[in-house]
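Going down the list, the sequences are from chains E and F.
Residue numbers 1 to 722, in UniProt numbering, belong to the letters of the first sequence in order.
Residue numbers 1 to 130, in UniProt numbering, belong to the letters of the second sequence in order.
Backbone N, C-alpha and C define an ideal beta-carbon position, used for all residues, glycine too.
Remember, it's a predicted structure, so these values are computed and weren't measured experimentally.
Shown next, in structure tokens, is the structure this report addresses.
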Amino acid sequence: MPFISKIQRQSDYTLFSSATPIVIDNGASYFRIGWAGETQPRVVFRSIVQRPRHKATGEIVTIVGDHDPALMKYFDCSRTGPRSAFDSNVVYQFEMMEYILDFGFDRLGATGSEIDHPVLITECVCNPIQSRSKMAELLFETYGVPSIAFGVDAAFSYKYNQQHGVCNKDGLALCPGFNTTHVIPFVDGEPIYKGCCRTNVGGFHVTDYLKQLLSLKYPYHMARFTWEKVDDLKMEHCYIAPDYASEARLFQKKSKEAKEKTRCWQLPWVPPPREEPPSEEEIARKAAIRERQGQRLREMAEAKRSSRINELENELHGLEFLLKQLEQVEDSDIPSFLAETGYVSRQEIESARIKVTQSLRKAKGEPKSEQAETEKADSGINEKYSLINIPDDMLSPEQLVEKKKQLLLKSMSDGRQRMKQKRYEEELERERKQQLEEEKRLENPELYLEQLRAKYKDLSEKVDQRKRLKTNGDHSNGNNLSGGIGRGERLSAAQRERMRLLTTAAFDRGKGEDTFGAKDEDWQLYKLMSKDNDDGDEGPDEDDTELARISSKLQDLDPTFVPKPETGSSQPAEASRVRPLTKEDFQIVLGVERFRCPEILFNPNRIAVDQAGLDEMAGVSIRRLSCKDEELEKRLTNSILVTGGSSIFPGMIERLEAGIRMIRPCGSPIKVVRALDPIMDAWRGAAAYATIPQFHTQTFSRMDYFEKGEDWLRSYQLKYSL
Amino acid sequence: MLMKGKMETEVVDAELVLPSYLSFKKVQMYEKYPKGQARGRHWKHLKQIIQAENYQNYPPDEPNYVNIESPPSMHPCKKICDITGFEAPYHDPRTNLRYANTEVFKIIRSLPNEYVQRYLALRNAAIVLK
């Protein structure tokens, strides 16, 4: 991490006299606290508060700043994320602020019953009075601070750099911070807030933008992009392009420079364990097991069959015996004899016998000799259809009925015959075609394969197209990945018809008397409306079967051929999951993102913040100052200081210079410099300021606060040059 | 101090947890926000704070939090491709995404709606259902 937290507890708190001010740079991203006159803050931590539950005790605890992530496993942070006391750059949640101050003072080593030191604390430019007074109240009432001074961080940074000769007493401070960006003009070493301007874009937005872009680009690794990690990536890789459009064009053309500028973050990746092919023994063992199981099944089936044959034979014997007995029984005794057997007549017994014989034959697996049957049919055809050729007028009414029946039977059997014939012919045709193709293949295998592939492609596209047409806008499965509905896709004809039916049905209900259901046809409506109607209306058509045929053929001939996965249920995402993940899949490539994200500082429009960018703000600031003094304007632009966390991006100075040159009159001197330490200078400036003997004139005590009231606090302003 | 006894030694050693009692405070946290008491929201949003300031009652040339905001940019807003960040001459009327070339167009047409909305949300153009 580029910014390192310092949270060691200090032990020398008691060595400082109560006149030594405590200096706090209360930044929205980092909180820095230390002693006046020193060059480094004693304690630095991220300005966040977490209130997780301690897993073992169930207690809700407060954790401020960043700690060893390994220790966080004892806490359940799933309920609440890290919270900040800031909105934009104004402190608004004073409970959070109090936790942060608690932690800061505690780590500074504070003891005793109150904080008995004057406090200099930073705030944003033109802090709303409510935030300022609440802060004062908190420091006075809760910590017992004797006196307070409020100052602006960017101003302290400018003053610090002025003292070190980096910038002049007239100049501009550009401060791209965490949540906001400020420009403050300085005249005679004093900030002029009238000429200030603020754009609500800062480092936070840059990180957030990068985070969003990366997780959209690599949804698979979304969990990797934690705020902290992305912040690190931003610090390490982002830069500001001298000219966005031309830089982007470099990347669009995939030029060599672009390749050099592309960074790659390799996520930890372990090659998946390769599956060992099963050994010979294993295969043999498995085959043996399978064989044994098959054997057992076969035996079982055999046993079942033989028992059935046995049963049937017994029944047949019984029936034959019965028939024989029946012959010996006298006619008059037949009914009484039959009553015992349970059969009604002789015919019934005979038909039962035939049935049993048939099933016995089936059970034994004797083929129904079709030929015999057809022959029989041929021979019997004349007697079967005996009445057909006789004219109607020669027949009695019963015979007429019989004739009709025969006609029907005959046409049915003829139809069957024709079908059989047709099938046979088709078979022949197919065989002939296959032979032809085989010949073609042998003649010129390459050409043949080529043609086959082309055909496959053609067909599969056609089939796909149709499927898409059919499934478009199909919301029968809620998570339709193609997202048809709502995106203006058209419905298929069947679906449109269905919608029409539904709407008309709904409207019909309303008017007049309801006659629905009076006619039987009305109920047909439901059949038409039902969803099953949509698909399966054609069934697998020729193209599909042809496609399947070609694909199977290609699979046989071409070892490199991979059939396309069935569309529909398996979307491309699923198909890629089948592919084993490679090292490349675990690489996060940062190309355009490197300069696309910080670009929002110059073009807040990119993230829908309709405000001027950093370079333009300098012009706005000078305009707002409306000094009508060209010399002063020249002096201002000749000493532009960039400070704040987001000014560290490489290329910032060059870009600003170019940008400001564009909006200033030709020939005006422009000098842009970066602060000595854009991050720490605000605290250092404040710490130096607090050592000045007249510092106490700028502070106010609790008594002052209550006596002078809110209006006074509103107009309270630190004098920076004492 | 009592509750610390129950915590893991590493956690106690790191002094990770903010103690509930601090000697230098005149009012302790538990006195200010007693446990188990519904206290509602005791803070205001920035918007409410600004409203309460009544800036309209003060002279307009006096700088305040609201009037120091930057005006809208005067530069023409360049359209950039939502996916790649290149210059975007085209705009897809179906998804409302801007795109640079045909390759990107293919991508945006295959994007699920959720992703389209997330890309749009980056420039605050997503459809927000309320």
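Asked                                                                                                                                                                                  : Found
Just curious, the beta strand (DSSP E) that Trp35/E is in, first and last residue?                                                                                                     : 30-35
Hey, out of Gly81/E, Lys55/E, Ala56/E, Val183/E, whose CA is closest to Asp66/E's CA?                                                                                                  : Gly81/E
So, at 8 Å on beta carbons, what are the nonlocal neighbours of Ile192/E in its own chain, with the 5 sequence-adjacent residues on each side left out?                                : Ile184, Pro185, Phe186, Leu625
How long is the line joining the alpha carbons of Met419/E and Asp544/E, rounded to whole angstroms?                                                                                   : 24 Å
Contact between the segment 602-613 of chain E and the segment 621-637 of chain E is defined here as three or more beta-carbon pairs at a separation below 8 Å; is this criterion met? : no
Would you say Val128/F lies against chain E (beta-carbon separation less than 7 Å)?                                                                                                    : no
Can you pull the chain F residues whose beta carbon is under 7 Å from the beta carbon of Arg596/E, in chain order?                                                                     : Gly85
If you reduce the DSSP assignment to three classes, tell me which class Lys420/E lands in.                                                                                             : helix
Excluding the 5 residues preceding and the 5 following Gly486/E in the sequence, name in chain order all residues of the same chain whose CB lies nearer than 8 Å to its CB.           : In this prediction, Gly486/E scores a pLDDT of 48, lower than 50, which makes its location untrustworthy; no coordinate-derived value is stated.
Less than 7 Å separating the beta-carbons of Val145/E and Ile115/E?                                                                                                                    : yes
My guess is that Ala682/E and Thr122/E are in contact by the Cβ rule of under 8 Å, so how many angstroms apart are they, rounded?                                                      : 6 Å
According to the Cβ coordinates, are Arg53/E and Asp87/E closer than 7 Å?                                                                                                              : no
Between the C-alpha atoms of Arg308/E and Val356/E, what's the straight-line distance to the nearest angstrom?                                                                         : 11 Å
Please report whether the beta-carbon of Pro63/F lies at a distance below 7 Å from any beta-carbon of chain B.                                                                         : Of the protein chains in this structure, namely E and F, none is chain B.
By how many angstroms is the C-alpha of Ile622/E removed from the C-alpha of Lys719/E?                                                                                                 : 21 Å
Going by the CB atoms, is the gap between Arg684/E and Tyr160/E shorter than 7 Å?                                                                                                      : yes
Mind reading off the beta-carbon distance from Val125/E to Val166/E? Whole number of angstroms is fine, and I expect it under 8 Å.                                                     : Not really, about 21 Å apart at Cβ, beyond 8 Å.
What residues in the segment 67-79 of chain E have a beta carbon less than 9 Å from any beta carbon of chain F?                                                                        : His67, Asp68, Ala70, Leu71, Met72, Tyr74, Phe75
Are Val592/E and Gly85/F touching if we call contact CB-CB under 7 Å?                                                                                                                  : yes
In chain F, which residues lie with their C-beta within 9 Å of the C-beta of Thr39/E?                                                                                                  : Those do not exist, as Thr39/E stays about 25 Å from chain F at its closest Cβ, beyond 9 Å.
Examine chain E for any beta-carbon lying closer than 7 Å to the beta-carbon of Glu8/F, and answer yes or no.                                                                          : yes
Answer yes or no: does any C-beta atom of chain E fall closer than 7 Å to that of Leu46/F?                                                                                             : yes
Going by C-alpha distance, which of Asp333/E, Arg549/E, Lys553/E, Ser336/E is nearest Pro445/E?                                                                                        : Lys553/E
Buried or exposed: which applies to Cys196/E, given that a residue is buried once 16 or more other Cβ atoms fall within 10 Å of its Cβ?                                                : buried
At a CB-CB cut-off below 9 Å, which residues of chain E make contact with Glu122/F?                                                                                                    : According to the sequence shown, residue 122/F is Leu rather than Glu. Neighbours of Leu122/F on chain E, chain order: Tyr209, Gln212, Leu213, Leu216, Arg606, Ile607, Ala608.
Check this for me: beta carbons of Ala154/E and Ala173/E, under 7 Å apart or not?                                                                                                      : yes
Just to confirm my understanding: we take Ser5/E, look at its own chain, exclude 5 residues before and 5 after, and list those with CB closer than 8 Å. What are they?                 : Val44, Phe45, Arg46, Gly65, Asp66
Here's the rule: buried if 16 or more other CB atoms are within 10 angstroms of the residue's CB, otherwise exposed. What is Trp523/E?                                                 : exposed
So, under 8 Å CB-CB, Arg107/E and Gln10/E are touching, yes? Tell me the CB distance rounded to an integer number of Å.                                                                : 7 Å
For the 8 Å Cβ check, are there 3 or more pairs between the segment 58-69 of chain F and the segment 82-98 of chain F?                                                                 : no
Let me check one thing: in DSSP terms, what residues is Glu123/E bridge-paired to?                                                                                                     : Val152/E
Output, in chain order, the set of chain F residues within a Cβ distance shorter than 8 Å of Asn179/E.                                                                                 : By Cβ distance, chain F contributes nothing, its closest Cβ being about 11 Å from Asn179/E, past 8 Å.
Rounded to a whole number of angstroms, what is the C-alpha to C-alpha distance between Thr111/E and Leu15/E?                                                                          : 11 Å
Would you mind telling me which residues of chain F sit closer than 8 Å to Asn127/E, beta carbon to beta carbon, in chain order?                                                       : Tyr65
Kindly confirm or deny that the segment 643-651 of chain E and the segment 230-241 of chain E touch, where touching means at least three C-beta pairs closer than 8 Å.                 : yes
Note down the Cα distance separating Gly488/E from Asn96/F, rounded to an integer number of angstroms.                                                                                 : With a pLDDT of 49 at Gly488/E, under the threshold of 50, the modelled position of this residue cannot be trusted; read the value that follows with caution. Cα to Cα, the separation comes out at about 12 Å.
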